[in-house]
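Encoded as structure tokens, the structure appears first; notes follow it.
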Amino acid sequence: MLLKIEKETMSRYNAKATEAKWQKIWTDAKIFKTDSTSTKPKYYVLEMFPYPSGRIHMGHVRNYTLGDVVARFRRANGYEVLHPMGWDAFGMPAENAAMERKVHPADWTYDNIANMRDQLKQVGLAIDWDREFATCDADYYGKEQQIFIDFYNAGLIYRKESWVNWDPVDNTVLANEQVIDGRGWRSGAVVERRKLSQWFLKITDFAEELLEGLGTLDRWPDKVRLMQENWIGRSEGLKFTFEISETGESLPVYTTRPDTLFGASFCAIAADHPLAAKLAEDNADLKAFIEDCRKTGTTEEAIEKAEKKGFDTGLTVKHPCDPDWKLPIYVANFVLMDYGTGAIFACPAGDQRDLDFARKYDLPVLPVVLPEGEDPASYTIGDEAYTGPGKMFNSRFLDGMETMAAKAEMIDRAEKEGWGERTINYRLRDWGVSRQRYWGTPIPFVHCDDCGVVPVPAEELPVKLPEDVSFDRPGNPLEHHPTWKHTKCPTCGGKAVRETDTMDTFVDSSWYFLRFVTPESDQPFDGDVVDQWLPVNQYIGGVEHAILHLLYARFFTRALNHVGRTQVKEPFEGLFTQGMVNHVTYKDAEGQWVFPEMVRSREDGSFFRSDNGLDVTEGRIEKMSKSKKNVVDPDDIIDQYGADTARWFVLSDSPPERDLLWTEAGIEGAWRFTQRVFRMVDAPSAAVAAVGAAVPESLSDSALALRKATHKTIVDITADIEALHFNKAVARLYEYANAIGAKVEGDGAAEVMREALETLVMLVSPMMPHLAEELWQKLGHKTLVAETPWPKAIVALTVDNTVKMAVQVNGKVRDTIEVAKDMPKDEVEKIALASEKVDRSLDGLTVRKVIVVPGRIVNIVAN
RNA sequence: GCCCCUGUGGCGGAACUGGUAGACGCGCCGGAUUCAAAAUCCGGUUCUUUCGGGAGUGUCGGUUCGAGUCCGACCGGGGGCACCA
Numbered sequence: 003m004l005l006k007i008e009k010e011t012m013s014r015y016n017a018k019a020t021e022a023k024w025q026k027i028w029t030d031a032k033i034f035k036t037d038s039t040s041t042k043p044k045y046y047v048l049e050m051f052p053y054p055s056g057r058i059h060m061g062h063v064r065n066y067t068l069g070d071v072v073a074r075f076r077r078a079n080g081y082e083v084l085h086p087m088g089w090d091a092f093g094m095p096a097e098n099a100a101m102e103r104k105v106h107p108a109d110w111t112y113d114n115i116a117n118m119r120d121q122l123k124q125v126g127l128a129i130d131w132d133r134e135f136a137t138c139d140a141d142y143y144g145k146e147q148q149i150f151i152d153f154y155n156a157g158l159i160y161r162k163e164s165w166v167n168w169d170p171v172d173n174t175v176l177a178n179e180q181v182i183d184g185r186g187w188r189s190g191a192v193v194e195r196r197k198l199s200q201w202f203l204k205i206t207d208f209a210e211e212l213l214e215g216l217g218t219l220d221r222w223p224d225k226v227r228l229m230q231e232n233w234i235g236r237s238e239g240l241k242f243t244f245e246i247s248e249t250g251e252s253l254p255v256y257t258t259r260p261d262t263l264f265g266a267s268f269c270a271i272a273a274d275h276p277l278a279a280k281l282a283e284d285n286a287d288l289k290a291f292i293e294d295c296r297k298t299g300t301t302e303e304a305i306e307k308a309e310k311k312g313f314d315t316g317l318t319v320k321h322p323c324d325p326d327w328k329l330p331i332y333v334a335n336f337v338l339m340d341y342g343t344g345a346i347f348a349c350p351a352g353d354q355r356d357l358d359f360a361r362k363y364d365l366p367v368l369p370v371v372l373p374e375g376e377d378p379a380s381y382t383i384g385d386e387a388y389t390g391p392g393k394m395f396n397s398r399f400l401d402g403m404e405t406m407a408a409k410a411e412m413i414d415r416a417e418k419e420g421w422g423e424r425t426i427n428y429r430l431r432d433w434g435v436s437r438q439r440y441w442g443t444p445i446p447f448v449h450c451d452d453c454g455v456v457p458v459p460a461e462e463l464p465v466k467l468p469e470d471v472s473f474d475r476p477g478n479p480l481e482h483h484p485t486w487k488h489t490k491c492p493t494c495g496g497k498a499v500r501e502t503d504t505m506d507t508f509v510d511s512s513w514y515f516l517r518f519v520t521p522e523s524d525q526p527f528d529g530d531v532v533d534q535w536l537p538v539n540q541y542i543g544g545v546e547h548a549i550l551h552l553l554y555a556r557f558f559t560r561a562l563n564h565v566g567r568t569q570v571k572e573p574f575e576g577l578f579t580q581g582m583v584n585h586v587t588y589k590d591a592e593g594q595w596v597f598p599e600m601v602r603s604r605e606d607g608s609f610f611r612s613d614n615g616l617d618v619t620e621g622r623i624e625k626m627s628k629s630k631k632n633v634v635d636p637d638d639i640i641d642q643y644g645a646d647t648a649r650w651f652v653l654s655d656s657p658p659e660r661d662l663l664w665t666e667a668g669i670e671g672a673w674r675f676t677q678r679v680f681r682m683v684d685a686p687s688a689a690v691a692a693v694g695a696a697v698p699e700s701l702s703d704s705a706l707a708l709r710k711a712t713h714k715t716i717v718d719i720t721a722d723i724e725a726l727h728f729n730k731a732v733a734r735l736y737e738y739a740n741a742i743g744a745k746v747e748g749d750g751a752a753e754v755m756r757e758a759l760e761t762l763v764m765l766v767s768p769m770m771p772h773l774a775e776e777l778w779q780k781l782g783h784k785t786l787v788a789e790t791p792w793p794k795a796i797v798a799l800t801v802d803n804t805v806k807m808a809v810q811v812n813g814k815v816r817d818t819i820e821v822a823k824d825m826p827k828d829e830v831e832k833i834a835l836a837s838e839k840v841d842r843s844l845d846g847l848t849v850r851k852v853i854v855v856p857g858r859i860v861n862i863v864a865n
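Residue numbers (this note's numbering): 3 to 865.
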């Protein structure tokens, strides 16, 4: 009995103690410290840095494990790897905590960082922690202010009065993208519209470059490139000017469908259009209509959306091709001031919105594009506009032309006759970065009555946030602070007031990957060193950042290039977007969400709560979220199974770009494998360590089979990791473990087994680094796995000289044959036809044709 | 409404450029070990069958000697969006 217990403990792998041990050894030896000036080939792997919310979640574990496998794999393959970590530390939750719990945002943030750093370190990541910083460090945001002033001096920053989305709860301005269904994306408050003076970054100057650059990003997911392309929204069309018949004033419009100009039926302007505002001055009804449009916001839900509304101004414009043709001007709720010129001409036959509008207000609908196969005499438009291609008709000089040709012709004519021009238009708008908040980078400017807006001189940076702030009343604490904003004008020395806006936190994350390269630089970064390390070779993060963060970071890099700080143009060479981590949801009999750890199962398969015994039912599988309580805490998992098992599980089963389903059974399976690998290597380790590394020439069949498996596995795993197909790598390692478990005996068995076990340890090491170190040591090595080169396959052992081929009769597999790899087709055919099973299937049929695809298949066609 | 992606056993998923569908794992079933259990090990596991086979990758059709893979239409699931002129 005693003996048995002892055996049990000895053969069990104690993950917790072992992991702590190796983490300390790695840290003490500083083996993950990156030498920026190394002559080795460089590899920069980066995961999107976390927001310090307080605790890590499984999504973090997945994200950082993916990156860590890449980092360790590249290190083993001879690269100098840069794999840093930092904190996206500014943002509203810290201010919310300050308001709710009377804790200073800085204290809250740095406490959270300390917690999460400890948690992340337990995952065993190969990170150079010496480069760590938080964006809320004055050192970091001071450098950001420097960049901001650079951009200002380069004309990339301007201020303008503009309509903004005002969140009345957070007392802040929201970007359009941050307004979801008319509500603030964080507070959920119904958004109002206000006019404020705002700071803007001229991202639109780079619209064309950013669009073109997408073409070079061949290691980005197509999906993300497409989303950015749509976001930039380049279109080519005609910009021309209507003359208002009654006043002679001009009204510029933009259209992508100049071909349909003869189908025009009315003209519509946005509610925010200056002309609308002017007309509303002495028209109460119009004023009310405009107010109404504003209330609905720019992105309202479907039902509200569907309702096209307009207001007839009573004015008309002259058709540019026919001064006698007058079109009424409407103010319409579906025309956007931000896009094009804020005014359109409408051709109801060719645009669904225009058609809906025309039907509602009983305006003419004249078809001008004839779809193929339709008769011009009888063709009419019902409730559906025709937006496809076709031949022009009812269109005077365009009649008979194809749509594309008609477009070009109309633009050419407009340019020749001088009433319009070919114009490229973008949907992309400039980036408003002003936030009326405390916990962000102060915009480094002062307002002087005499000198206007003046940048803070470089030697006075950083403009630090004051520490003594109060969150007792709503609004921006910087505005309320008794002294902070009062300063002297850098130009004239007179009284001046600091800008109290802080920057959008997307600014912070737009250049952190550059700071990581030279975090000690007194400049934002050392351009020469950055140019050697960038672009980031592999960037990994959530697809939710597909547009904003990634587009802003691309813009920032180009802007930094523009101001001469770097040669780099595209920051991220390879992008990988991981899927979410999901879990089933549980609800008890009272309808309350239940944490998975509180769910117990009965023998009949039903569930109950461990605390109060209430019945529990399994619900949908959803993204892990605190609100639905379908979360598992990485700390608990690591405590129970160890980091390696957790890492192994998040890498297995699902392809990393897809959602991962977290299950108890899955983590148990991973844990079993961890134990199995440990036993497989541990049990024979002493004997194996004594065996020489040299494998003899002559091997028994079973030894040769294992050796071949070893070298094939090296090739496969290497390819899988390079392609980030970690789930496949995991599957192959299971297979390889099975192969090692098979009986090996005879000549060379011991040597081949040693090679196999060492290879297994190495191949597993990027995924389960602690276990690998422990086993490596047990196999008699004094060096670290983390500093051991990746195994090299002997190519000769990875090719077989025979091959199994399927033999089909009329496309159905009847038999398999094993033939020499280079056997001529006619011999293969002979062997296939000699098969008894094939012969049986051919009974009564005549062979018409035999197709032999060498190394793959034989198909016998018969009837 | 528009755009994109996706659909394979009970489940997660394999299947290179069209060439043996279901690798590997989970679950389940059986066996070994154990007083018993846990753990571990071995075997089986798409469905169906008269044990010869037959059917099968969302549905229907097409191309091909051969289709999960290519083409067309439809159905389901997921994601994105901006009423973008």
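All C-beta atoms in this analysis are idealised placements derived from N, C-alpha and C, irrespective of residue type, glycine included.
Tell me which same chain residues have a C-beta within less than 7 Å of the C-beta of residue i, skipping the five on either side of it?
i	result
phenylalanine 558	Ser512, Trp513
valine 583	Met60, Gly61, Arg64, Met626, Leu662, Trp664
proline 446	Gln147, Phe150, Ile151, Pro457, Val458, Leu463, Val465
tryptophan 89	Phe51, Pro52, Pro54, Ile115, Ala136, Thr137
isoleucine 7	Confidence at isoleucine 7 is low in this model, with a pLDDT of 34, below 50, so its placement is unreliable and the value that follows should be read with caution. Contacts found: none.
phenylalanine 399	none
arginine 858	Met807
tryptophan 778	Val763, Val787
Could you check the C-alpha separation between residue i and residue j for me, to the nearest Å?
i	j	result
tryptophan 421	leucine 372	27 Å
valine 766	leucine 735	8 Å
alanine 711	asparagine 740	10 Å
cysteine 295	leucine 338	11 Å
alanine 100	aspartate 474	9 Å
alanine 22	glutamate 775	12 Å
glycine 56	aspartate 284	56 Å
glutamate 210	isoleucine 426	10 Å
arginine 119	aspartate 70	15 Å
isoleucine 723	valine 860	34 Å
glycine 344	phenylalanine 313	15 Å
isoleucine 331	glycine 392	29 Å
valine 866	methionine 764	Because the chain in this structure spans residues 3 to 865, residue 866 falls outside the shown range and cannot be described.
lysine 418	arginine 424	11 Å
glycine 265	serine 397	8 Å
arginine 196	asparagine 173	12 Å
glutamate 82	threonine 405	56 Å
leucine 653	valine 732	7 Å
Can you check which of these residues, the options, is closest to residue i by C-alpha distance?
i	options	result
glycine 442	Ala691, Thr315, Ala96	Ala96
glutamine 540	Val570, Gly576, His727	Gly576
valine 690	Asp451, Thr761, Ala270, Arg119	Thr761
alanine 695	Leu536, Ala731, Glu757, Ala667	Glu757
proline 366	Leu329, Gly390, Asn167	Leu329
Is residue j closer than 8 Å to residue i when the C-beta atoms are compared?
i	j	result
alanine 685	phenylalanine 651	no
threonine 579	glycine 615	no
valine 467	proline 444	First, the residue type needs correcting, since residue 467 is leucine and not valine in the sequence shown. Yes, the Cβ-Cβ distance between leucine 467 and proline 444 is below 8 Å.
aspartate 590	arginine 611	yes
valine 448	arginine 415	no
isoleucine 383	leucine 240	no
valine 319	isoleucine 292	no
methionine 770	isoleucine 549	no
Kindly list the residues whose CB is nearer than 8 Å to the CB of residue i, restricted to its own chain and excluding five residues on each side of it in sequence; keep chain order.
i	result
tyrosine 388	Ala351, Gly352, Pro369, Val371, Pro373
asparagine 155	Pro457, Val565
glutamine 25	Lys123, Gln124, Gly126, His772
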